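So for the sequence shown, UniProt numbering puts the first residue at 1; every next one is plus one. Glycine is no exception: its CB is placed at the ideal position from the N, C-alpha and C atoms. Note that the structure is a prediction, hence the values are computed from the model and not measured. Below is one structure, written out as structure tokens; the observations come after it.
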Amino acid sequence: MFIQVQETPNPNSLKFVPGVLVLESGTVNFDSSSSAHRSPLARNLFRINGVKGVMFGPEFITVTKSDEEVQWSVLKPEIFATIMDFFSSNLPIMTEEEPPQDTGSCNDDDTVLMIKELLDTRIRPTVQEDGGDIIFKGFKDGIVKLKMQGACASCPSSIVTLKNGIENMMQFYIPEVVSVEQVCAI
1 MFIQVQETPN PNSLKFVPGV LVLESGTVNF DSSSSAHRSP LARNLFRING VKGVMFGPEF
61 ITVTKSDEEV QWSVLKPEIF ATIMDFFSSN LPIMTEEEPP QDTGSCNDDD TVLMIKELLD
121 TRIRPTVQED GGDIIFKGFK DGIVKLKMQG ACASCPSSIV TLKNGIENMM QFYIPEVVSV
181 EQVCAI
């Protein structure tokens, strides 16, 4: 198995592309070892000293290290070995179904539907290219609430991306959007 490594805008996150399907669709984010109970691979990656976060996408695994002092040159060989061992074991990536990430419902109004459409078609693919994801958490009084995941969650440039990129695009296409805010949990 050849695993490709791609840098992300976040110096504390790397994107590992194993060349096999990781998830059927969507993304799953684990921001702690206790949140990884549904995934044997995520649990194994969290056993590596210095791993702070793990995110799966359809064709990638993003690993976030705990801080600048932990060197990728030390972590990468352990991460490679863990990923290779896991995929040769034929265990499932996920052992339980994940609850839906989106807080939306069939009662979404037209503005929320437009926001979600823009997220899914224009914004999310770009964010996933960088090893992250973005989840819609709500829209009220002109404010879009989004949660950044994976490489994007702790990226130093995520606020700039949110305000200069995502907010500007949302305001251009959807006049009802006044601002975009990042939420840590909801």
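Among the options, nearest to residue i - alpha-carbon criterion
i, options, result
"V22", "E181, R47 and M94", "M94"
"L41", "I3, I143 and N90", "N90"
"T126", "T111, M114, M148 and V112", "M148"
"F60", "Q182, E68, S25 and D108", "S25"
"F56", "P77, P92, T121 and L146", "P92"
"G142", "D108, L119, D133 and V180", "V180"
DSSP three-state assignment for residue i, whether helix, strand or coil
i, result
"S164", "The sequence shown places Asn at residue 164, rather than the Ser named in the question. N164 falls in the helix class under three-state DSSP."
"Q171", "helix"
"V63", "strand"
"D133", "strand"
"S179", "strand"
"L118", "helix"
"M94", "coil"
"T103", "Unreliable placement is indicated for T103, whose pLDDT of 48 sits below 50; no coordinate value is reported for it."
"F30", "strand"
"M55", "strand"
"M148", "strand"
"I3", "coil"
"L41", "helix"
Cα-Cα separation between residue i and residue j, rounded to whole angstroms
i, j, result
"I186", "S13", "Low local confidence applies: a pLDDT of 48 at I186 is under 50, so the model's placement there is unreliable, with the coordinate-based value given in what follows. Approximately 23 Å between the Cα atoms of the pair."
"T64", "S158", "15 Å"
"S73", "S66", "14 Å"
"E78", "I48", "7 Å"
"G19", "G132", "18 Å"
"C167", "V178", "Per the sequence shown, the amino acid found at residue 167 is Glu instead of Cys. C-alpha separation (whole angstroms): 8 Å."
At least 3 beta-carbon pairs within less than 8 Å: the segment 25 to 44 vs the segment 107 to 116:
no
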